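**Q** I have a structure I would like to understand better, so I am pasting it below and will then ask my questions one at a time.
Residue numbers (my numbering), protein chains in the order written: chain A, 1 to 556; chain B, 557 to 957.
So this is what it looks like as structure tokens:
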């Protein structure tokens, strides 16, 4: 620790941190464009200039490239510091097209923010004198560049060199002709390309998915966890439900990464970034359906669950608990899986249950973030006990085989679309079971053959907790209510429990989680609050070592 | 002289032989005693630079900065073309002093002919055991390579040069921490010296440090190559002792001003040095301290003579055009500021200038001065500020409103 003084305020700072971070620790913001804590230091925007007094000598230095040292006296308000900030802003803005009214970044643009805080100068440049550069450059499948808005901070260039190692972008030309562009004949097309938009401090790089969709000041955000793979990257959901007439039905406008030291640092992959489209997809299931209700105007969930309960009771009496099987989902939250487990294995004594199928799709895995296992909560399911551990119990694939061999009479399926793993004639035979209850988010062939269908809430429509591959339990937050009759999965199991004689007192996800921590050893000691903001490791699982997200060989 | 056989007749590589019998630290001490200063522009003590190399970091490199591109400077070319073996010998002595394993000679891209000559000299030296393994029978192994630049002014800045040599865009690195002597080429200790500096090293050994130092002034050892250009009758390169009178250079050696016109101003150290009015320039001596005391800098010792027929605003336009084109574009102030200043200066000369423009020009130059990664900012700010300050009436005459 060394003691430094920032604007008269004494602070102790850890070794080897720069003045921007030191000031941040003291609660003082130092404006900057090119500096980003996840990237190497470029030192080129010159916005973070500070006056530093050391050994009796005062000097103007850049905060990003100056390491805090014992006894430094830093002024962020010295006259020449303020003058420099204003001049840097004036330099950056002199050729800026000032097209804020049509710029997606307006409202979260550091040119706007810093101008209001540190600039407030009148322009000395006539509009006709402005230096023109290229606009609307299609860089790749996800990103569009407007060179006139670019401040040439090189954050994106460094990200692509240092994190993904793909190096698609470079700054070409010199002096006033400097321009960000892709390397000739190369497209900005890698699994993390969307991150360059997050990194861009201005509106130069915009996301094709978000361009011209919403002004950012209409957006609200909640912290959440990405559901696209088992890493569980921390994200923020940006949504707008006040303007349903814009982009019909689209509530989530975008996902942005949220910093988590141990999971994803500042980044998320494109697959995760654009995974939210499923939440507002037109094929969402919104109504409860039963096979016996064909033509019936309004089936309700109670009736569907009563039918299912009757079938479960019948099967249990006639053929024993071995005739009932549950194929849950590793996409369900810890709460869902806990109530499922409580109801079927502890209360009903159901023999066969699993959450996994061998043929589940897997994703690409890399050393940066992406994991091959695409289910966000397989670890949670295992810890809660949803695994075919003991002998004589069927795995997911065997459950299906047994159902086709008439050994299973009642089958409950969550989310899985079995038409993808079965031949059509076999798949249709599943409809001949005594009862097939299906819980899903989306329209699928399962709806056609199930006896009862209950729509469940998407992850953004409910609170929940998920356990990632490391054993870190993290929380998602409800952004908006579920569509139609959809409801969280655990609520369905709670209602079904009521039909078969199991009373579950918990009425909210938080209460379910509290019960879970009492009854499942791996979750002991965790509290709902402690999961915010960055999650907690399961009991007895050591915190993984902090691994700086980097490609195998960083470029020098 | 550029042929090894001729150069050896004049004693080339004898001093290398002598240096190789000395300890590297002794070599540094000897150069220190001579007071040899860098002739690239900053005038930094050569031996001090050599002594900054961290003790335990290897490999090490020596880079010869032959990217001579400061407007008005044309002295290194002469050494490259006429006496490349003096350069090689000096570079090898330097390499021995810092225990470097390779010498890179970074030559500006436009110097096709000098590059050819230097390559030829390297081949000859290698064939005669003066380069490569076990030089002159000692344990010392060192190679030399030339590398042509691609025509960028900023690659003459030592860290920009290193970036360029590494195959990247020539953009200077910020200091700290990238002081080349500690973190240079490929992140290892690197000594970057100007051609003239290294070519003077054999003379330090030949004359002995005391006699070499005595050629110049107490703080400026030896001689200096002055590139005299502009409105004089005999422009050219003059090797003169440090501290030689400016008047003598212009009026005696330079043969006076063209057509006996009146001297208006002198730019004493290349286009980036502040201008001196005829009055300020009178009687000054050409060494680093005296020129600095007069309010300018000796820089690369490119003396440009400006007579009464030259318009200072036009001169500024010429300077700004160069710097706006050559800014690497990394730092905000320099990238945007040079272009902006050029635009204002152009408008002035086109008769569209406003009175506010002069203050703006000065304010912009001030914002670029000393606030950027490298010395390019000051290099454009100093001429601009000094022209405006010392010849403001000429600018004001152009303002219409």
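Just so it is clear, CB atoms sit at the ideal spot from N, CA and C, and this is done for glycine as well.
None of these values were measured; they are calculated from a predicted model.
1) Which residue comes first and which comes last in the beta strand (DSSP E) that contains residue 325 of chain A?
2) Identify each residue in the stretch 917–930 of chain B for which the Cβ-Cβ distance to at least one residue of chain A is less than 9 Å, and report them in chain order.
3) Which runs of the alpha helix (DSSP H) spanning at least 4 residues fall entirely within the stretch 482–546 of chain A, listed in chain order?
4) Taking all protein chains shown into account, decide if residue 405 of chain A is buried (16 or more other Cβ within 10 angstroms of its Cβ) or exposed.
5) According to DSSP, residue 172 of chain A sits in a beta bridge with which residue or residues?
6) Taking the DSSP output, what are the residues bridged to residue 658 of chain B?
7) At what residues does the beta strand (DSSP E) containing residue 854 of chain B begin and finish?
8) How about residue 472 of chain A and residue 304 of chain A: do their beta carbons lie closer than 8 Å?
9) Taking residue 169 of chain A as the reference, which of A:177, A:157, A:163 has the closest Cα?
10) Please classify residue 307 of chain A: does DSSP put it in a helix, a strand, or coil?
11) In chain B, which residues lie with their C-beta within 9 Å of the C-beta of residue 60 of chain A?
12) Here's the rule I'm using: 16 or more other beta-carbon atoms within 10 Å means buried, otherwise exposed. How should residue 542 of chain A be labelled?
13) Please state the DSSP three-state secondary structure of residue 241 of chain A.
14) Please confirm whether residue 536 of chain B has its beta-carbon closer than 8 Å to some beta-carbon of chain A.
15) By the 9 Å beta-carbon criterion, what residues does the stretch 876–890 of chain B contribute toward chain A?
16) So residue 901 of chain B and residue 873 of chain B are supposed to be a Cβ contact under 8 Å. How far apart are they, rounded?
17) Report the partner residues of residue 2 of chain A according to the DSSP bridge assignment.
18) Can you tell which of A:373, A:213, A:393, A:299 has the C-alpha that lies nearest to the C-alpha of residue 327 of chain A?
19) Under 8 Å by Cβ, that's how I've got residue 622 of chain B and residue 661 of chain B pegged, so tell me the actual separation to the nearest angstrom.
20) Compare the C-beta of residue 893 of chain B with all C-beta atoms of chain A and state if any pair is closer than 8 Å.
21) Look at the alpha carbon of residue 557 of chain A and the alpha carbon of residue 234 of chain A, and state the distance between them as a whole number of angstroms.
22) When the distance is taken between beta carbons, is residue 163 of chain A closer than 8 Å to residue 368 of chain A?
23) DSSP puts residue 860 of chain B in a beta bridge; with which residues?
24) Can a CB atom of chain B be found closer than 8 Å to the CB of residue 480 of chain A?
25) Determine the closest residue to residue 302 of chain A out of A:492, A:38, A:346, with distance taken between C-alpha atoms.
26) Note down, in chain order, every chain B residue with its Cβ under 7 Å from the Cβ of residue 45 of chain A.
27) Identify whether residue 713 of chain B lies in helix, strand or coil by the three-state DSSP scheme.
28) To the nearest angstrom, report how far apart residue 150 of chain A and residue 136 of chain A are at their CA atoms.
29) Just the C-alpha distance for residue 277 of chain A and residue 450 of chain A, rounded to the nearest angstrom, thanks.
30) Answer yes or no: does any C-beta atom of chain B fall closer than 8 Å to that of residue 175 of chain A?
31) Is residue 70 of chain A buried or exposed, if buried means 16 or more other CB atoms sit within 10 Å of its CB?
32) Where DSSP assigns a beta bridge to residue 362 of chain A, which residues make up the other side?
33) Report the rounded CA-to-CA distance for residue 412 of chain A versus residue 537 of chain A, giving the unit in angstroms.
34) How would you list, in chain order, the residues of chain B whose beta-carbon sits under 7 Å from the beta-carbon of residue 178 of chain A?
35) With a threshold of 8 Å between beta carbons, is residue 730 of chain B in contact with chain A?
36) Per DSSP, what kind of secondary structure is residue 121 of chain A in: helix, strand or coil?
**A** Let me lay it out:
1) Within the first chain, the letter at position 325 stands for residue 325 of chain A. That run of the beta strand (DSSP E) goes 324–327.
2) 919, 920, 922, 923, 924, 926, 927, 928, 929
3) 489–499, 509–519
4) Along the first chain, read from residue 1 onward, the residue named residue 405 of chain A stands at position 405. With fewer than 16 Cβ atoms within 10 Å of its Cβ, residue 405 of chain A is classed as exposed.
5) Here the question's residue 172 of chain A lines up with position 172 in the first chain. BP columns for residue 172 of chain A point to A:179.
6) The residue you call residue 658 of chain B lines up with position 102 of the second chain. The bridge partners DSSP lists for residue 658 of chain B are B:617, B:699.
7) The residue labelled residue 854 of chain B in the question sits at position 298 within the second chain. Unbroken run through residue 854 of chain B: none, as it is neither H nor E.
8) For this step, residue 472 of chain A is matched to residue 472 along the first chain. For this step, residue 304 of chain A is matched to residue 304 along the first chain. No.
9) Indexing the first chain from 1 puts residue 169 of chain A at position 169. Closest option to residue 169 of chain A, Cα to Cα, is A:157.
10) Here residue 307 of chain A corresponds to residue number 307 of the first chain, with the count starting at 1. Residue 307 of chain A carries a helical assignment under DSSP once its states are collapsed to helix, strand and coil.
11) To locate residue 60 of chain A, count along the first chain from 1; it is residue 60. Simply 926, 927.
12) As a first step, residue 542 of chain A is located in the first chain; it is residue number 542 there, counting from the start. Label assigned to residue 542 of chain A: exposed.
13) One-based indexing of the first chain puts residue 241 of chain A at position 241. Three-state result, residue 241 of chain A: coil.
14) Past the edges of chain B, shown from 557 to 957, lies residue 536 of chain B, and the structure says nothing about it.
15) 879, 880, 881, 882, 883, 884, 885, 886, 887, 888, 889, 890
16) The residue labelled residue 901 of chain B in the question sits at position 345 within the second chain. The residue labelled residue 873 of chain B in the question sits at position 317 within the second chain. Indeed, because the Cβ distance is near 5 Å, the residues count as touching under 8 Å.
17) Position 2 of the first chain, counting from 1, holds the residue named residue 2 of chain A. Partner(s): A:13.
18) For the purposes of this step, residue 327 of chain A is taken as residue 327 along the first chain, with counting starting at 1. Residue A:393 is the option with its Cα nearest to residue 327 of chain A.
19) As a working mapping, residue 622 of chain B is identified with position 66 in the second chain. As a working mapping, residue 661 of chain B is identified with position 105 in the second chain. Correct: roughly 6 Å between the Cβ atoms.
20) Here residue 893 of chain B refers to the residue found at position 337 of the second chain. Flagged as an interface residue toward chain A: residue 893 of chain B, by a C-beta distance shorter than 8 Å.
21) Residue 557 of chain A lies beyond the range of chain A shown here (1 to 556); nothing can be said about it.
22) Reading the first chain from its first residue, position 368 is the one you call residue 368 of chain A. Reading the first chain from its first residue, position 163 is the one you call residue 163 of chain A. Yes, they are a contact pair.
23) On the second chain, residue 860 of chain B is found 304 positions in, with the first residue counted as 1. B:785, B:823.
24) Position 480 of the first chain, counted from the first residue, corresponds to residue 480 of chain A. Output row for residue 480 of chain A: interface = no.
25) Within the first chain, numbered from 1, the residue matching residue 302 of chain A stands at position 302. Out of A:492, A:38, A:346, A:492 has the C-alpha closest to the C-alpha of residue 302 of chain A.
26) As a working mapping, residue 45 of chain A is identified with position 45 in the first chain. Those are 888, listed as they occur along chain B.
27) Sequence index remark: in the second chain, residue 713 of chain B carries index 157 (1-based). It is coil, neither helix nor strand.
28) Here the question's residue 150 of chain A lines up with position 150 in the first chain. Here the question's residue 136 of chain A lines up with position 136 in the first chain. Using only the alpha carbons, I get a separation of about 12 Å.
29) Working through the first chain from its first residue, we reach residue 277 of chain A at position 277. Working through the first chain from its first residue, we reach residue 450 of chain A at position 450. Going from the Cα of residue 277 of chain A to the Cα of residue 450 of chain A covers about 26 Å.
30) Here residue 175 of chain A refers to the residue found at position 175 of the first chain. Yes, residue 175 of chain A lies at the interface with chain B (some Cβ there is under 8 Å from its Cβ).
31) Looking up residue 70 of chain A in the first chain gives position 70. The residue is exposed, with fewer than 16 neighbouring Cβ atoms inside 10 Å.
32) Translated into the one-based positions of the first chain, residue 362 of chain A becomes position 362. Answer is A:373.
33) Start at 1 with the first residue of the first chain, and residue 412 of chain A comes out as number 412. Start at 1 with the first residue of the first chain, and residue 537 of chain A comes out as number 537. One C-alpha to the other measures close to 31 Å.
34) As a position in the first chain, residue 178 of chain A is number 178, starting the count at 1. Within chain B, the residues near residue 178 of chain A are 885, 891.
35) Taking the second chain and counting its residues from 1, the one referred to as residue 730 of chain B is at position 174. Chain A contact via Cβ: present.
36) Translated into the one-based positions of the first chain, residue 121 of chain A becomes position 121. Residue 121 of chain A: coil per DSSP, three-state reduction.
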